[in-house]
Structure formats: structure tokens, C-alpha cells
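Each residue of the sequence shown is one higher than the last, beginning at 91 in the working numbering. Don't be surprised by glycine CBs; every beta carbon is placed ideally from N, CA and C. Keep in mind that this is a model prediction, so the values were computed, not measured. The structure appears below as C-alpha cells.
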Amino acid sequence: MFLKNRKGLSEVASNILMLALIVVLMTALFSYTVDFARNYQMKQGSARLESLVIEDVWFRYDPYNPSDLNARNITVTLYNNGELNVVIDSVYVNDTLCTNVEFNPSNQTITVKNHGTLVIKDSHAVDWESSRPVKIKVVTERFYSIEGEYVAP
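Shown next, in the form of C-alpha cells:
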């Protein structure tokens, strides 16, 4: 005996619905892949080719007037041993952003296999004490970061 009032999807309708679902999912996957590839090429992927080394940290002050904060600074020498030029974006001392930093070269770019110097003059940064560690962190525009703790003399 056959049922004459079947209420279900025909084979053609179910195939069309399945095809539409697959097209929507593949479009979403393709959009995600294109966006991921663009981000990888622009910034994050190339950050893996960046490599900086903090070669030297100098804590400078006026020996005749050691409490004069205007005569104090922290000089950091960096070396780019990566495969790309590095642009310094920000510098942190003890997890606080430094805004009074002099860069050499002045365009904040350290070319491949070359040195660069940062002179940190922020009041919170130069208020270091002898024999206490100072945490220095340097971040590039591609979000590569190098950090270390250095003890003031």
C-alpha cells in the first residue's frame, strides 16, 4: 500500500539545498583564507624574518650630580641580524611606554646587519636605582619584540 500524502523533500530539492549550503560554506572558507594570507604577507608572516639583539645597555648619569634626572638616560644598542629591515615602533621600560626616545638612525629603521641606538630620556625610565633590575622591551611595527632585564651599576 502506498501513502499518497507524503510530506518530505524530493530528491531534487534536497540536492539543491545541499549544493546551496556547500556554496555558502566554501565562500566563507575562501574569504577567511584570502584575509589570512593578506595578513600573513603584510605583517605577521614577515615578523618571523625579523630578529633583533640588544647588544648593550648603558645607564648614564652626571657623576658630579647623580640626582639630576635631566642628565640621566638609558642608551640601548640594537643589532638587526634578521632578513628584513626593522622599524622600531615602541619602547617600554618596566612595562611603561616611553615617549621621550631618541633614535639613531632618526627614521627608526635599522637595516639588515646594522646597528641602531635608542636613547631613553623618559622621567620614569631614568629614575633607576643602582643594583636594581630594569626591564627594557623594544617592539617593532610588525609586533616582533625583544626584552631583557638589566641591572643598573
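Residues near N184 by beta carbon distance below 6 Å, same chain, minus five either side | To locate residue 184, count along the sequence shown from 1; it is residue 94. Excluding positions up to five away in sequence, the list reads K225.
What is the rounded straight-line gap between the Cα of V177 and the Cα of T230?
-> Sequence index remark: in the sequence shown, residue 177 carries index 87 (1-based). Sequence index remark: in the sequence shown, residue 230 carries index 140 (1-based). Near 6 Å, if we compare the C-alpha coordinates of T230 and V177.
R150 lies in the beta strand (DSSP E); which residues open and close that run?
-> For this step, residue 150 is matched to residue 60 along the sequence shown. R150 -> beta strand (DSSP E) spans 142-150.
Got a sec, what are the start and stop residues for the alpha helix (DSSP H) T230 sits in?
-> As a first step, residue 230 is located in the sequence shown; it is residue number 140 there, counting from the start. Here T230 belongs to no alpha helix (DSSP H); instead the beta strand (DSSP E) covers 223-230.
Cα-Cα separation between N171 and M108, rounded to whole angstroms = For the purposes of this step, residue 171 is taken as the residue at position 81 of the sequence shown. For the purposes of this step, residue 108 is taken as the residue at position 18 of the sequence shown. Annotation: N171 to M108 spans about 53 Å, alpha carbon to alpha carbon.
Give a yes or no on whether the C-beta atoms belonging to H214 and L168 are separated by under 8 Å.
-> Here residue 214 is taken as the residue at index 124 of the sequence shown, counted from 1. Here residue 168 is taken as the residue at index 78 of the sequence shown, counted from 1. Taking 8 Å as the Cβ cut-off, H214 and L168 do not qualify as a contacting pair.
Considering only C-alpha positions, which residue in the set E173, L142, I210 is nearest to W148?
-> To locate residue 148, count along the sequence shown from 1; it is residue 58. Out of E173, L142, I210, I210 has the C-alpha closest to the C-alpha of W148.
Would a C-beta distance cut-off of 8 Å place L139 and L174 closer than the cut-off?
-> For the purposes of this step, residue 139 is taken as the residue at position 49 of the sequence shown. For the purposes of this step, residue 174 is taken as the residue at position 84 of the sequence shown. In this structure, L139 sits near L174, with a CB-CB distance shorter than 8 Å.
Mind checking who I210 pairs with in its DSSP beta bridge?
-> Numbered from 1 along the sequence shown, position 120 holds the residue referred to as residue 210. DSSP output for I210 lists I164, V191 as bridge partner(s).
For the alpha helix (DSSP H) holding E101, just list the boundary residues, first then last.
-> Reading the sequence shown from its first residue, position 11 is the one you call residue 101. Per DSSP, the continuous alpha helix (DSSP H) segment holding E101 begins and ends at 101-129.
If we call anything under 8 Å between Cβ atoms a contact, is T207 one with N197?
-> Taking the sequence shown and counting its residues from 1, one reaches residue 207 at position 117. Taking the sequence shown and counting its residues from 1, one reaches residue 197 at position 107. In this structure, N197 does not lie closer than 8 Å to T207 by Cβ.
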